[in-house]
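Down below is the structure, laid out as structure tokens.
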Amino acid sequence: MQNSNSHPGKRVTASGTTMTEMIMPNDANPMGNLMGGNLLRWMDIVSGICAGKHCERHVVTASVDQVSFTKPIKIGDVITLEASVTRAFRTSVEVFVEVYATDIKGHNPRRSNSAYYTFVALDQENGTPVPVPPIIPVTEIEQQRYDAAPRRREMRLILAGRLKPENATEVRALFEAIL
Ligand SMILES: CC(C)(COP(=O)(O)OP(=O)(O)OC[C@H]1O[C@@H](n2cnc3c(N)ncnc32)[C@H](O)[C@@H]1OP(=O)(O)O)[C@@H](O)C(=O)NCCC(=O)NCCS
Numbered sequence: 003m004q005n006s007n008s009h010p011g012k013r014v015t016a017s018g019t020t021m022t023e024m025i026m027p028n029d030a031n032p033m034g035n036l037m038g039g040n041l042l043r044w045m046d047i048v049s050g051i052c053a054g055k056h057c058e059r060h061v062v063t064a065s066v067d068q069v070s071f072t073k074p075i076k077i078g079d080v081i082t083l084e085a086s087v088t089r090a091f092r093t094s095v096e097v098f099v100e101v102y103a104t105d106i107k108g109h110n111p112r113r114s115n116s117a118y119y120t121f122v123a124l125d126q127e128n129g130t131p132v133p134v135p136p137i138i139p140v141t142e143i144e145q146q147r148y149d150a151a152p153r154r155r156e157m158r159l160i161l162a163g164r165l166k167p168e169n170a171t172e173v174r175a176l177f178e179a180i181l
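Using our numbering, read the sequence shown as starting at 3 and increasing by one per residue.
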């Protein structure tokens, strides 16, 4: 799981990526709200750019964790998407993306969505996964996201059928600490 290459590591801020979009009629559903699939696409793009900058190569989306759509985003609203790498594993990186919305005057600001994406760095020639640089958390929130990332990783690998629950040591340790 852990990155074992000799790269000294990179700061979270080195790959942080921000993207802004205005919601156009073509982006909306029949209710005049941003269609969820369009938002997921932009979240995928901004977090994929972030992951690619960290890995310094092209990456592919391996998974996206749970996303809720609780606050509608209307035609004419402006959204800002902010992505940052939370942790690098062996060939994959976890990216946290947050979405904020306002109207064009900057009024009615709200945090509308967030999600964790996982990207895998691939060799350009043969398309196989390759090791990625470690991430260096600096701030308190970066450290918190870094520390919790192995548990999220185990949960998504269990749900994907790639990890047996009995082998999820990080998740088990969390529950043992609580119970
Ligand atoms: C992602 C992909 C490269 C993994 O290939 P693989 O043969 O399973 O490779 P590995 O078993 O070596 O796993 C590589 C990494 O992917 C991670 N991974 C694989 N499936 C995952 C999933 N569902 N969720 C999170 N991470 C996953 C593994 O944990 C591993 O990470 P690590 O090296 O940091 O520990 C492959 O499944 C793929 O190409 N998927 C399609 C990607 C794509 O086209 N995305 C665009 C959307 S269609």
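All residues carry an ideal CB built from backbone N, CA and C; glycine is no exception.
Where A53 is concerned, the enclosing alpha helix (DSSP H) starts and stops at G38 to C57. When the five nearest sequence neighbours on each side are left out, the beta carbons in the same chain lying within less than 7 angstroms of the beta carbon of L36 are those of I25, D29, A30 and I75, in order along the chain.
Take A123, set aside five residues on each side of it, and the residues of its chain with a beta-carbon closer than 7 angstroms to its own are C57, R59, V61, T93, P131, V132 and V134, in chain order.
Using a 10 angstroms sphere on the CB of V101, the tally of other CB atoms reaches 16 or more, which defines it as buried. The continuous beta strand (DSSP E) containing M24 extends over residues T19 to M24. For A179, the enclosing alpha helix (DSSP H) starts and ends at T171 to I180. Between T120 and S65 a beta carbon distance of about 5 angstroms is seen, short of the 8 angstroms cut, so the two are scored as contacting. According to DSSP, residue pairing for L124 in a beta bridge involves P131.
Bounds of the beta strand (DSSP E) holding R89 are V80 to A90. In the three-state DSSP reduction, N28 falls in the helix class (H, G or I). C-alpha of K55 to C-alpha of I137: approximately 12 angstroms in a straight line. Taking non-hydrogen atoms of ligand 1 into account, the C-beta of S65 is found less than 6 angstroms away from one of them.
Relative to ligand 1, even the nearest heavy atom lies 6 angstroms or more away from the CB of P10.
Not one heavy atom of ligand 1 sits closer than 6 angstroms to the Cβ of S17. N7 counts as exposed, since fewer than 16 other beta carbons sit within 10 angstroms of its beta carbon. For A151, the uninterrupted alpha helix (DSSP H) run begins and ends at E142 to L161, by DSSP. Residue pairing by DSSP puts F98 in a beta bridge opposite S86 and Y118. Rounded to the nearest whole angstrom, the CA to CA distance from Q145 to M33 is 40 angstroms.
No Cβ-Cβ contact shorter than 7 angstroms links V87 with T104.
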